[in-house]
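2 protein chains.
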Amino acid sequence: MSQRLNGVTLQSVKERDQQDPLARFKAHFTLPEGVLYLDGNSLGAQPVAAKKAVDDTLDQWRDELIKGWNQGWFDSPERLGNLLAPVIGASHTEVSVTDNITLNIFKLLGYIVQQCPAGRKAVLSEGGNFPTDGYIAQGFCQVSGSDHRFLPEGASLADYLDGVAVVVLSQVNYRTGKLRDMAATTQLVHEHGAEVIWDLAHSAGALPIDLNGTGARFAVGCTYKYLNGGPGAPAFLYVHESVQNGGWQPLSGWHGHRSPFAFDADYAPADDISRFRTGTHSALAYAALEASLTLWAEVDMQALRDKSLALSNLFRECLGDLFQTHGIEDITPEDDERGSQVSLIDSEHGYAIVQALIARGVIGDYREPGLMRFGFTPLYLSYEDVWQAARHFREVVESVEYQNPQFHVRGAVT
Amino acid sequence: MSQRLNGVTLQSVKERDQQDPLARFKAHFTLPEGVLYLDGNSLGAQPVAAKKAVDDTLDQWRDELIKGWNQGWFDSPERLGNLLAPVIGASHTEVSVTDNITLNIFKLLGYIVQQCPAGRKAVLSEGGNFPTDGYIAQGFCQVSGSDHRFLPEGASLADYLDGVAVVVLSQVNYRTGKLRDMAATTQLVHEHGAEVIWDLAHSAGALPIDLNGTGARFAVGCTYKYLNGGPGAPAFLYVHESVQNGGWQPLSGWHGHRSPFAFDADYAPADDISRFRTGTHSALAYAALEASLTLWAEVDMQALRDKSLALSNLFRECLGDLFQTHGIEDITPEDDERGSQVSLIDSEHGYAIVQALIARGVIGDYREPGLMRFGFTPLYLSYEDVWQAARHFREVVESVEYQNPQFHVRGAVT
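The listed protein sequences derive, respectively, from chains A and B. Sequential numbering of the first sequence, starting at 1, is according to the working numbering. Sequential numbering of the second sequence, starting at 1001, is according to the working numbering.
Shown next, in the form of structure tokens:
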């Protein structure tokens, strides 16, 4: 007997898996039995290669001790930056893997604002963006004396660029999954004499990005979501080659010095992307990430994009009738305007539905108010996985399983 | 036949090992065969427990995925801070393990300077300190408009405190091993209306520290040297409870927000030590460090200090006659004025001697000009280890083994 979800048969999705050019990547990840993981937009699954990479680095620490720093640890930020560059459309030597997004935004704010004339020092943050981007902009403005402003969500960017040195924008919104037009927006900001720092947290590894091609000069992003670098893996920072010699970045530490081992008293920035480093970084954290980035070299980004849209549309197709009958609002943007997530709103039951799904092994996440987020990671999700996740969703909603009191207990989630 | 080094017999040091109350800790570390490691002041050896802790965290990432953040990862900065607190004489909730030293100094500079009156905004850096402390002070002053000044090495601190908001001082100098009197210096700085940020990189885990007892209000330090947290392990930051509510720190990220999961647009600092967090941290890096810090709970810090001095004096005693005959200058400070290292100067042969020792498995390090540094880590070094290291040193020097051209090739060391 063929099972159907709103007309979509299990057989049909199995056939799609057989034709999936990315299907082979699933074997490169270790996912626990019985889990359907739709939260790769929060923390990516573990690449099989990560364990050996980390174990090897532990052995290196044990056996080589201090010499490990001359055997690859010290150069990790640039080496991993070069591995990541093609995934985001950057050139060799334009990307550094270092610190976290919050800190990398601060560096770029300082770097950009110091080069702006006195009347153009304001920093513009995007309303509705992931909060840390605004928090660190506020911190920067407090210490530097720059003016901090918010761009209201949905407002026209062009109306808010007077006197602005730099605006921080996410390419993909973390709540809605809405994708900005990077080329057009970058051009608009540049025409107003400002710079834009792109936050790629929800786009790097989720879709093809062409930083060089779109004229982007500055970007940051994390590696623990779609790039599968591990919990709290180091972030990255991109600076276009043409603007790499603009002076200091304010978080000037010894690893960003021109000659870190000369131990000079005065700071002098390195003349390349390594000036955006600060202090000593965790060799273990980089090892796990390097294992993942090595895998990305084999990924066809257009095939990834095609599958991302197909998976998210499959999920919505399997549930479309349910949304109507149960008052769930699908705010997922259209294909050409979204990242790699489905965003559903149920103000009354959203939290409990997500908890009930988690109890069944279907991992999504919830953000107030009422938002259920489901991330679609083409490297380790099959069409059948998505169909099964939709089946669970139907069952939870149709059986009102979410009314169980255990699904109403509140706890912190990231 | 009893072997003697300047009168010190091998038998005598074996007897000291038998009476050593810290001897049992050596079994908690994994050191490679044939290595005598006198570089724990650069990168500490690996605790046996580190491997399992990291492997367990890898398994947690694989099996629990995003839920790991609710199972200990998120609270790591405070949990590890509380483990570390007794080792440095801090109270519960006064220490956060987070980011690196460079960044933590920046946070404290911003936090302190914003609370100072307009005429007292200068930042004073210590000449001869580890350079990153000065580099980040320069970066802070560049972005904040504060005045940056250097305290010349050896100058009287009291003469340089006019208009100074904060001075950054190392408790133990990284080159000479010279130990400052924390209580007297803190009192002096406070009497001049300024604050001091203590850098404990070369003292935490090397000797007893009494932050609370000496009146210290602010400190930073790293955990990858004497605390054995692993290469690039996260640093720490101490803020005395009485000054924890002084406003923002400028690197304001979402993990330092009062309600990180409320996703408010505006930043509001947490009302405790967690306000000094920035963004998401590496769970793997914290796992290795936690394994080490757990071990420190069992260490008698006075016994550690006694053995540290005994080991370093043993090394010097075994070599004392050689220093004279071969023109090697021992600049190691006296017992009550030093950390846990021996510092020797041979401007002509120092680099090659260190390289020749490394080739024999005796790991020390070298800093221009002419400085040979040897760190003494009482938890995993025996008296016999130190005696054998001194024997190798004698053989290298007496046989002029260091003249071998291979020991004159230059390479970066950390």
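Heads up, the beta-carbon is just placed ideally off N, CA and C, and yes, glycines get one too. The structure displayed is predicted, hence computed values, not measured ones.
Per the coordinates, the alpha-carbon of T186 of chain A lies some 48 Å from the alpha-carbon of A1045 of chain B.
The closest CA to that of I197 of chain A, considering only A:Y174, A:I209, A:L179, A:L169, is found on A:L169. Contact between R120 of chain A and G163 of chain A holds: CB atoms are separated by about 6 Å, below the 8 Å threshold. Boundaries of the alpha helix (DSSP H) around L109 of chain A: 101-113.
Using a CB distance cut-off of 7 Å, H281 of chain A counts as an interface residue toward chain B. Taking 8 Å as the cut-off between beta carbons, the residues of the segment 1133-1155 of chain B near chain A are G1134, Y1135, I1136, Q1138, G1139, F1140, Q1142, V1143, S1144, G1145, F1150, in sequence order. In the assembly as shown, A184 of chain A is an exposed residue. Its beta-carbon has fewer than 16 other beta-carbons within 10 Å.
Only those residues of the segment 1166-1192 of chain B whose C-beta falls short of 8 Å from the nearest C-beta of chain A would be listed, and there are none.
In this structure, F1393 of chain B lies away from L1038 of chain B, with their beta-carbon atoms at least 7 Å apart. A distance below 8 Å between beta-carbons, with the five flanking residues on each side excluded, links I358 of chain A to the following residues of its chain, in chain order: G364. Taking 7 Å as the CB threshold, A1265 of chain B lines the interface with chain A.
Using a Cβ distance threshold of 7 Å, H1148 of chain B and A1155 of chain B do not count as a contacting pair. For F315 of chain A, the three-state secondary structure derived from DSSP is helix.
By the Cβ neighbour-count rule, E1398 of chain B is exposed, with fewer than 16 other Cβ atoms within 10 Å of its own. At least one C-beta of chain A is nearer than 7 Å to the C-beta of W1248 of chain B. Out of B:H1028, B:V1386, B:L1157, B:A1262, the CA that lies nearest to the CA of V1189 of chain B is found in B:L1157. Shown here, R1277 of chain B sits in coil according to DSSP, grouped into three states, outside any helix or strand. For the C-beta of D1039 of chain B, the chain A residues within less than 9 Å are, from N- to C-terminus, L65, I66. Taking 7 Å as the CB threshold, N100 of chain A lines the interface with chain B. At a cut-off of 7 Å between C-beta atoms, Q46 of chain A counts as an interface residue with respect to chain B. Within the same chain, and ignoring the five residues on either side of F29 of chain A in sequence, the residues whose Cβ sits closer than 8 Å to its Cβ are A45, Q46, P47, V48, N228, L379, Y380. In the same chain as L1207 of chain B, and ignoring 5 residues on each side of it, the C-beta atoms closer than 6 Å to its own belong to R1305, in chain order. For P1333 of chain B, not one C-beta of chain A is nearer than 7 Å to its own C-beta. Among the residues facing chain B, R360 of chain A is not included, as its CB has no counterpart in that chain under 7 Å away.
A297 of chain A is classed as exposed because its beta carbon has fewer than 16 other beta carbons within 10 Å across all chains shown. Contact of K107 of chain A with chain B is not assigned, every C-beta pair being separated by 7 Å or more. Out of B:A1194, B:A1201, B:E1195, the CA that lies nearest to the CA of R1175 of chain B is found in B:A1201.
Within the segment 167-219 of chain A, the runs of alpha helix (DSSP H) at least 4 residues long that lie entirely inside it are, in chain order, 182-191.
Proximity of W296 of chain A to chain B, defined by a Cβ-Cβ separation below 7 Å, is not satisfied. In the structure shown, H1326 of chain B falls within a helical segment according to DSSP collapsed to helix, strand and coil. DSSP lists B:V1164 as the beta-bridge partner residues of A1122 of chain B. From the beta-carbon of T30 of chain A, the residues of chain B found nearer than 8 Å are R1062. Of the other Cβ atoms in all chains shown, 16 or more fall within 10 Å of the Cβ of I88 of chain A; this residue is therefore buried. Where D365 of chain A is concerned, the enclosing beta strand (DSSP E) starts and stops at 365-367. Where F1374 of chain B is concerned, the enclosing beta strand (DSSP E) starts and stops at 1371-1375.
With fewer than 16 other Cβ atoms from the protein chains shown falling within 10 Å of its own Cβ, V1409 of chain B counts as exposed.
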